[in-house]
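Our numbering puts the sequence shown at residues 582 to 1213.
By construction, the Cβ of each residue, glycine as well, lies at the ideal position given by its N, Cα and C atoms.
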Amino acid sequence: MSFVGKIWKVLVGIKDGLVLVFMLLFFVALFGILSASPNPGQVREGALYIDLAGFVVEERSPTDPFTAILTGEAPVREFQARDLVRALDAAAGDDRVKAVVFDLTMFAGGGQVHLQEIGEAIERVKKADKPVLTYALAYGDDHLHLASHASEIWVDPMGGALVSGPGGSNLYYADLLDRLSINARIYRVGEFKSAVEPYERNSMSAEARENLEALYGALWEEWQANVKTARPAAQIDRVTSDPVGWIEASAGDLADAALDAKLVDRLGSRAEFGERVAEIAGADRWNKRPGAFAKSDYAPYLADIAPDQPGKAIGVVTVAGNIVDGDAGPGTAGGTRIAGLLDDALDDDLAGLVVRVNSPGGSALASDRIRSAVQRYRDKGVPVAVSFGNIAASGGYWVATAGDRIFAQPETITGSIGVFAVLPTFEQAAKRIGVTADGFRTTPLSGQPDVIAGLTPEVDTILQATVGDSYRDFIALVSKSRGLSVERVDAIAQGRVWDGGTARQIGLVDQFGGLDDALAWVAAQAELEEGDWHPRFLGETAPRYDSLIRQIVTGAAAPAANAGRGAGGGDLFAQAARQRESLITRIAADAERLSGTRGVQAYCLACPGDTPGAASRTAKGWVEVLMLLFAK
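1. For the beta strand (DSSP E) that F660 lies in, which residues bound it at each end?
2. With distances taken between CB atoms, is the gap from A709 to L685 smaller than 7 Å?
3. Please classify D597 as buried or exposed, where buried requires at least 16 neighbouring CB atoms within 10 angstroms.
4. State the DSSP-derived secondary structure class of K843, mapped to helix, strand or coil.
5. G692 bridges to which residues according to DSSP?
6. On the CB-based measure, 16 or more other CB atoms within 10 Å of its CB, does V808 come out buried or exposed?
7. Between which residues of its own chain and K909 is the CB-CB distance below 7 Å, once the five residues before and five after are set aside?
8. When the Cα of V1078 is compared with those of G996, R1013, D756, A1057, which residue comes out closest?
9. Helix, strand or coil for N903? Go by DSSP, reduced to three states.
10. Closer than 8 Å by C-beta to V1048: which residues in its own chain qualify, once you throw out the five before and the five after it? Chain order, please.
11. Scan the region 909 to 958 and note each continuous beta strand (DSSP E) run of 3 residues or more that stays entirely inside, going in chain order.
12. Answer yes or no: do G933 and P964 have a C-beta to C-beta separation smaller than 7 Å?
13. In whole angstroms, give me the CA-to-CA distance for G740 and A864.
14. Select from V624, F854, K590 the residue whose C-alpha is nearest the C-alpha of D878.
15. Of the residues D928, R766, A981, D1113, which one's Cα is nearest the Cα of L1058?
16. Tell me which residues share the same chain as I588 and place their Cβ nearer than 6 Å to its Cβ, disregarding the 5 neighbours each side in the sequence.
17. Quick check: what's the CA-CA separation for D1050 versus R1013?
18. Just list the residues that DSSP pairs R1092 with in beta bridges.
19. Could you tell me if A1018 is buried or exposed, where buried requires 16 or more neighbouring beta carbons within 10 angstroms of its beta carbon?
20. By how many angstroms is the C-alpha of L669 removed from the C-alpha of A862?
21. Where does G1115 sit, in a helix, a strand or coil, going by DSSP?
22. Taking only three categories from DSSP, how would you classify K590?
23. Quick check: the Cα distance between N971 and N792, rounded to an integer number of angstroms?
24. Using the Cβ count rule (16 or more neighbours within 10 Å means buried), how would you classify N903?
25. Does the contact criterion of 3 or more C-beta pairs under 8 Å hold for the region 741 to 754 versus the region 720 to 733?
26. What's the C-alpha gap between G977 and E640?
27. Since G627 is in the alpha helix (DSSP H), which residue starts that stretch and which ends it?
28. Taking W1079 as part of the beta strand (DSSP E), name the residues at either end of that continuous run.
29. First and last residue of the alpha helix (DSSP H) that includes I817?
30. Can you grab the Cα-Cα spacing for the pair P779 / I699, in whole Å?
31. I'd like to know if the region 1031 to 1042 and the region 1065 to 1079 are in contact, where contact means that at least 3 CB-CB pairs between them fall below 8 Å.
32. Would you mind reading off the limits of the alpha helix (DSSP H) that contains K809?
33. Inspect the beta-carbon positions of V935 and F969 and report whether they are closer than 7 Å.
34. Would S940 count as contacting chain C if we go by Cβ distances under 7 Å?
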């Protein structure tokens, strides 16, 4: 029996070894599949088809494939604005592309600056005598901003369009905190620094309302001007001045109302839309389904048009999302990570540097760490330009003070030069439940800050003094960078938020322009001719497995589990549930800001959300309502 036992152990060992080998091969194969890039060989003659099912962003966030698979939640798709512009510009001169098609059915939106840049690229495609067509179930503000540049705008007969304009409501927790006996200790500098108002008030202050009225008024004027210029026939004033009368004139049919107001050109099903595209781009010889047309998808086309890299490199570092301490990102501006990217490239003989900022700010410490890393380039004599995207406020502007020249667009949101800190203490809550604190201190600072016993007056004073010192540092940096007196900077600071047009008038911005303009300026400063340089995006690594993860997650989920999920399904009850989820997301974010903040913050709460995961990314107002109402 001992001999048989030994043989059995050998066989079990062989079996275990084979299992390990096969598991290793499985994971190697899985890694290979996940790492697969789109195949440029899939590009063929026909239309360039862009299914814009997600958000337009400055910088894509990495996808955690295992978390996505385990949770069963498909990751939100993100499209880098500069990639979309590059694809459109390539399509304008590509003989294989007969037309460009945007499917906006699941489009979730983007910032005004990004959408205007894409719209201008669409205009360049049209100038090359190539039509651009869009299709959607429902059009909202962001959809129309982009689609207004198209040659033909199609909407499903069961859908429609609505224009709501910027604005909305914030949540205020002062009464709740009072009921819970939580003392939100607030330290701030800036008359207009509204980031802390949700914790100390139950409504918006007059100063914050004045600031938002000016900001949103300017953004609304820019939106209308851009859409009316691209689509003069659109009756925007009629649609926005009397929306009820406009819709009732079409007996409540939103699709007919949109057509009547010339917000769209054609009503038609997806199949009818596809037949129209096939007339222009040709029929699909391999797909005989109704509405099929010859096309190349966006991802393989983007892989096919990899840009040339002639001459010297001009570095581009992206500061996108909330600025936080540590290595977070991409998609979140981790101060340690971004400073590391800059320092690693400091000896790479870059001809210049462009800092692309699309951030509402965050940690003052992380902001200054990035600023210091940028300053090291200027100290070496490297020309540095700063390019603002949709938002470059508070900590985002702090970073910009290290640049030689600042570029922005009229729609850019900037300023918010102010700082704050919030520290909750629970002495009253503890007292309510019978908990008291006592002890012995050798100095007023012993055991402080104590969130249960409360803060001593000395600690309270020191914390406010620290915030005040950070504010003085901030305005001193702005004063030196902009060539303005400290008094003048203080007058336009105080946490006030400005639109790009006003920011240029008051000296916070040098000139209008996008990333390409900033690159061209740096090239000129480095005495480089066109064609003698190329942009090098520091630390850029494109996520290559997002589409596969999406297929695995959505394909594995049961139909019942997916019912009503996504922007294309559900009824009013599903919409109510989704609004509840959005509300929970907002409350969670506010609670994190109250309890999770570390250190002095230079953050703009008045700035609209511009990063995936924010509450604004969970629901998009009327567009989602329409899609839920009319989706089949």
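A quick look at the data gives this:
1. 659 to 661
2. no
3. exposed
4. coil
5. Paired residue(s): none; G692 is not in a bridge.
6. buried
7. Before going further, note that residue 909 is Ala rather than Lys in the sequence given. Excluding sequence neighbours, A909 sits near G915, R918.
8. G996
9. coil
10. Y768, R769, V770, V1000, F1001, A1002, V1181
11. 933 to 940, 942 to 944
12. yes
13. 26 Å
14. V624
15. A981
16. none
17. 36 Å
18. First, the amino acid is wrong: residue 1092 is Gln here, not Arg. Q1092 is bridged to F988.
19. exposed
20. 16 Å
21. The sequence shown places His at residue 1115, not Gly. H1115: strand per DSSP, three-state reduction.
22. helix
23. 18 Å
24. buried
25. yes
26. 15 Å
27. Segment 627 to 632 is the beta strand (DSSP E) holding G627; no alpha helix (DSSP H) there.
28. 1078 to 1080
29. 817 to 822
30. 35 Å
31. no
32. 787 to 811
33. no
34. Among the chains of the structure shown, chain C does not appear; only one protein chain is present.
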